[in-house]
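Asker:
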Amino acid sequence: MQKYRFLSAYIPSSNRRSLVLLTGARQTGKTTLARAKYPELRYINLDAPENREMLRKITTPVWAKTVGNAVLDEAQKEPVIFEKIKYAYDEKGISFCLILGSSQILLLKKIRESLAGRVAIFELWPLLMSEIHGEDNATEVKPPLLDSLFSKKTFDEVFENVPPVLLDMEDSKARTAENYMFKWGGMPALLPLSDDEKWKWLKDYEYTYLERDLSDLARLEDLEPFTKFQRLSALRSGKLLNYSELARDASVSVDTARRYLEYLRLSYQVMLLQPYYQNITSSVIKTPKLYWLDVGLLRRLSGQREEFSGEIYETMVVNEIFKWIKTAQKNVEIFFYRTRSGLELDLLLSTENGFIGIEIKGREMIVSSDIRPMREIASVLKKKWHGGLVVYQGNEIRKLSEPGIWAVPSRRLFI
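What the sequence shown shows, in my numbering, is residues 326 to 740, in sequence order.
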């Protein structure tokens with residue numbers, strides 16, 4: 326069962342002179358995407374010791390004739406190849422190479438040392454809701470409604486031709502995709518498995534991550550403190566990050582807590598959402614928010630297999646927006662906004678066309694207080710304001726207020 330990946334439309338074809346790095350968390354489908362996108366290229370997996378030994382023995386002058394244009398998986402396992410790729414590319418012996426790997430810190434270190442200025446970097450994230458919603462083995466899937474918000478159109482223009490509600494069959498399919506994402510997240514390998522098999526896979530992933538990705542990042546003699554820290558951080562997804570509190574609960578120092586969280590960030594497990602740095606209305610707080618980057622892994626680590634919570638719903642919505650911005654190469658910065666006086670907005674997106682405000686509500690009804698922060702911020706930003714959304718679990722796309730504030734069900738926004 327293969328799902329269409331939007332990133333395949335953004336990474337260059339092999340007939341274009343280019344060096345490409347494709348990275349991301351383990352098991353997000355990098356190898357599958359690469360082999361589907363570049364069937365004409367030789368594929369070499371450096372996880373295999375014999376392949377590493379073979380490439381180690383190939384001298385730099387004959388790299389182009391011996392290896393040629395290729396896909397090199399887990400490239401960080403044999404760092405010597407980066408200099409050989411550089412030589413072959415600069416001498417025009419090769420015109421294309423795709424480098425794959427899940428260890429961001431090691432890969433980027435080698436890129437900076439050997440291939441700086443030559444490599445285009447792409448990141449593959451867990452499946453988007455729109456990719457899950459697409460037909461199996463589809464060769465194309467239309468971008469989600471979210472993409473339209475980054476155009477020059479006003480929100481009124483974007484939504485005027487969008488049906489306010491979906492018909493039963495369409496809505497059922499959209500609900501199925503959203504329910505799946507909310508329960509299991511977007512790891513591609515889970516799709517064909519039963520529920521119990523999915524839960525076991527997520528548990529096994531946790532061990533694989535600790536044994537392989539973490540060992541690339543840090544040589545920890547005792548994994549127990551990190552494992553405890555990892556689970557405690559999952560319980561804090563969607564909340565302000567308090568290093569002191571997290572360190573105390575995990576029984577580690579604050580410096581260790583910072584280091585552990587950086588390991589999680591570098592291995593694509595979490596993101597730190599930064600607060601908007603300028604005072605729009607009053608003095609702002611400067612503490613980031615922590616979000617786990619896959620709901621399935623979040624549920625497994627936190628032990629919340631069936632529970633519904635506002636934090637998990639918010640995590641899912643933030644993930645979908647973040648993943649689309651990164652996948653579609655949008656020139657958009659993503660923040661949240663909170664002041665010391667209590668004004669709070671879940672997301673504030675800085676786009677080429679102005680600011681977009683987003684409030685996330687894990688319920689079917691919207692009340693007037695839900696849009697009060699957006700209206701206040703919009704009134705100060707004036708012409709810099711592009712539009713606002715309340716993302717919720719209701720059924721209808723409808724306008725709530727000026728200036729350009731709309732209610733949009735999450736299952737409509739992300740498909």
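For glycine and all other residues, C-beta sits at the position ideal for the given N, C-alpha and C.
#1: Below 8 angstroms, how does it come out for the stretch 635-650 and the stretch 670-683: are there three or more Cβ pairs, yes or no?
#2: Would F475 pass as a contact of T606 if the rule is Cβ separation under 9 angstroms?
#3: Quick check on the burial criterion: 16 or more other C-beta atoms within 10 angstroms. Buried or exposed for D538?
#4: Confirm, please, whether the CB-CB distance from M512 to L452 is below 9 angstroms.
#5: Taking the beta carbon of T348 as the centre, do at least 16 other beta carbons fall within 10 Å, making it buried, or is it exposed?
#6: Just the C-alpha distance for E456 and A463, rounded to the nearest angstrom, thanks.
#7: Quick check on DSSP: helix, strand or coil for M690?
#8: DSSP puts I659 in a beta bridge; with which residues?
#9: How would you call V692, buried or exposed, if buried means at least 16 neighbouring beta carbons within 10 angstroms?
#10: Given R561, which residues of its chain have a CB within under 6 angstroms of its CB, disregarding the five upstream and five downstream residues?
#11: With DSSP collapsed to three states, give me the class of R342.
#12: Put S726 into one of helix, strand or coil per three-state DSSP.
#13: Between L598 and chain C, is the shortest Cβ-Cβ distance under 9 angstroms, so that the two count as touching?
#14: Cα-Cα, which of W509, T357, S540 is closest to L527?
#15: Residue range of the beta strand (DSSP E) that L598 falls in?
#16: So, using beta-carbon positions, are G687 and F633 closer together than 9 angstroms?
#17: Spatial neighbours of S666 within its chain, please: CB distance less than 7 angstroms, with the 5 preceding and 5 following residues excluded, ordered by chain position.
#18: Who pairs with D493 in a beta bridge, going by DSSP?
#19: Considering only residues of the stretch 507-589, which uninterrupted alpha helix (DSSP H) runs meet the minimum length of 4 residues and lie entirely inside it, listed in chain order?
#20: For L433 and W617, what's the separation of their Cα atoms in angstroms?
#21: Between which two residues does the alpha helix (DSSP H) harbouring V620 extend?
#22: Check whether the stretch 341-355 touches the stretch 529-538, counting contact only when three or more Cβ pairs, one atom from each stretch, lie closer than 8 angstroms.
#23: Roughly how many angstroms separate the alpha carbons of R377 and Y593, rounded to a whole number?
#24: Three or more C-beta pairs under 8 angstroms: does that hold for the stretch 511-525 against the stretch 650-659?
#25: Would T384 be called buried (16 or more neighbouring beta carbons within 10 Å of its own) or exposed?
Answerer: With the given structure in hand:
#1: yes
#2: no
#3: buried
#4: yes
#5: With 16 or more other Cβ atoms from the protein chains shown falling within 10 Å of its own Cβ, T348 counts as buried.
#6: CA-to-CA, the gap between E456 and A463 works out to about 9 angstroms.
#7: Three-state DSSP puts M690 in coil, outside helix and strand.
#8: L674
#9: exposed
#10: L615
#11: In the three-state DSSP reduction, R342 falls in the coil class, being neither helix nor strand.
#12: strand
#13: You won't find chain C in this structure, because it holds only one protein chain.
#14: W509
#15: 595-598
#16: yes
#17: Taken in chain order, the residues that qualify are S607.
#18: Answer is none; D493 lacks a bridge partner.
#19: Those alpha helix (DSSP H) runs which fall completely within the stretch 507-589 and span 4+ residues are 520-533, 539-542, 549-559, 568-575.
#20: 22 angstroms
#21: Where V620 is concerned, the enclosing alpha helix (DSSP H) stretches over 620-627.
#22: yes
#23: Spanning the two alpha carbons is a distance of roughly 25 angstroms.
#24: Flag = no, the stretch 511-525 and the stretch 650-659 do not touch.
#25: exposed
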